[in-house]
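Start counting at 1 in the sequence shown, then tack on 75, and there's your number in this note's numbering. Using N, Cα and C, we set each Cβ at its ideal position, and we do this for glycine too. Please read these numbers as outputs of a predicted model, since none were measured by experiment.
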Amino acid sequence: MTNGLMLKAGQKARLVVLISGSGSNLQSLIDACDAGLLNAEIVAVISNKSGVYGLARATAANIPNIAIDHRAFDSREEFDKSLAQIIESYQPDLVVLAGFMRILTSFFVNQFLGRLINIHPSLLPAYPGLNTHQRAIEAGDADAGATVHFVTAELDGGPPVLQARTQIETSDDSAALSARVLTLEHVIYPTAVQWFCIGRLQMIAGVAYLDGTALPEAGIFFSGATEL
Ligand code: GRF
76 MTNGLMLKAG QKARLVVLIS GSGSNLQSLI DACDAGLLNA EIVAVISNKS GVYGLARATA
136 ANIPNIAIDH RAFDSREEFD KSLAQIIESY QPDLVVLAGF MRILTSFFVN QFLGRLINIH
196 PSLLPAYPGL NTHQRAIEAG DADAGATVHF VTAELDGGPP VLQARTQIET SDDSAALSAR
256 VLTLEHVIYP TAVQWFCIGR LQMIAGVAYL DGTALPEAGI FFSGATEL
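Right, dumping it as structure tokens:
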């Protein structure tokens with residue numbers, strides 16, 4: 076078993092965060108860094124859409140940020156190549172997808188394999204893709220949630236690390252459910268990212284390991300007691 080991320084004493088992990096929208100998960104990472112709960116520095120925020128609120132959050136936190144409009148590229152491959160180049164220029168230890176609404180090519184995923192993490196608003200493997208909360212409500216599911224997972228070439232299919240769950244109430248519509256799940260996301264994402272930054276979490280050959288032990292297929296369930 077190899078070790079996870081190893082930093083020199085006093086060094087912080089370098090994070091590049093990719094967004095497409097409001098950036099509330101980005102904010103939870105910024106706040107965790109500021110509070111000293113995350114041994115990391117967000118060295119850049121990149122959005123594929125200009126004018127989104129997440130970029131304003133980055134500016135407010137003095138984090139270098141840029142928008143790269145995917146529509147300016149001839150193909151998904153061309154966009155991903157440029158994006159990868161820009162990301163690499165920041166020498167990230169971890170690339171954090173935080174509401175980045177683009178399907179990534181296998182070229183991109185393979186370049187960052189093992190240092191690319193995502194949060195998805197469902198209890199994976201249920202409901203990969205879009206409209207997760209609406210689909211869970213329509214299916215009559217008892218609960219919904221979110222999953223932090225390593226990214227592999229399969230859409231929302233990489234190994235889960237940490238999941239949080241909430242009951243679906245009869246009064247829930249997708250907006251209410253989504254708001255409740257988001258508050259859980261803001262806890263589990265910094266937690267899982269911190270595990271990576273302090274070398275506890277890694278992915279080897281498509282399997283996620285915490286403290287050297289392979290995680291169960293659904294990852295760990297957040298109990299509220301999971302330490303940051
Ligand atoms: C979150 O629900 C996240 O799970 C999904 O996209 C949404 C992003 O929200 N991947 P925000 O931009 O972080 O507020």
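Among the options, the one whose alpha carbon lies nearest that of residue i
i	options	result
Phe266	Cys108, Ile94, Leu82	One point to set straight first is that residue 266 is Thr, not Phe, in the sequence displayed. Nearest C-alpha to Thr266: Cys108.
Ala293	Leu252, Val184, Ser197, Gln186	Ser197
Phe183	Ala239, Ser164, Arg151, His195	Arg151
Gly126	Ala115, Leu113, Ser97	Ser97
Ala201	Asn185, Ala221, Ile192	Ala221
Asp218	Gln209, Asn206, Thr241	Thr241
Ala159	Asn193, Leu93, Gly281	Leu93
Leu90	Ile138, Thr134, Ala110, Gly79	Ile138
Tyr165	Ile194, Asn140, Ile105	Asn140
Gln209	Ile194, Leu230, Asp231, Ala254	Ala254
Asp247	Met278, Ala211, Ile279	Ala211
Whole-number beta carbon distance between residue j and residue i, since they are thought to touch under 8 Å
i	j	result
Val226	Gly233	5 Å
Phe187	Val170	5 Å
Ile263	Ala239	5 Å
Leu113	Val120	Rounded, the Cβ-Cβ distance is 15 Å, inconsistent with contact.
Phe271	Ile192	7 Å
Val268	Ala115	7 Å
Gly189	Gln277	7 Å
Cα-Cα separation, residue i to residue j
i	j	result
Arg275	Gly287	8 Å
Leu303	Pro167	At Leu303, the pLDDT of 47 sits below 50, so the modelled position is not reliable; the number obtained from the coordinates is stated separately. One C-alpha to the other measures close to 21 Å.
Leu249	Asn123	Note that residue 249 is Ser in the sequence shown here, rather than Leu. Using only the alpha carbons, I get a separation of about 25 Å.
Ala251	Ala84	43 Å
Ala228	Met81	25 Å
Arg146	Ala173	20 Å
Arg132	Asn100	11 Å
Ile273	Gly204	30 Å
Tyr128	Ile117	17 Å
Leu179	Glu163	16 Å
Ile295	Leu237	5 Å
Ala88	Val256	27 Å
Leu285	Asp216	29 Å
Thr258	Ser103	10 Å
Ala135	His261	19 Å
Ala142	Ser157	12 Å
Asn185	Gly281	12 Å
Pro291	Leu230	19 Å
Three-state class that DSSP yields for residue i in the structure shown
i	result
Phe62	A question about residue 62 goes unanswered here, because the residues of the chain that appear run from 76 up to 303.
Ser122	strand
Gln269	helix
Arg132	helix
Glu116	strand
Leu198	coil
Leu179	coil
Asp155	helix
Tyr26	There is no way to answer for residue 26, as the model of the chain reaches only from 76 to 303.
Ile105	helix
Ser78	A small correction: the amino acid at residue 78 is Asn; Ser does not occupy that position in the sequence shown. Coil at Asn78, not helix or strand.
Val127	coil
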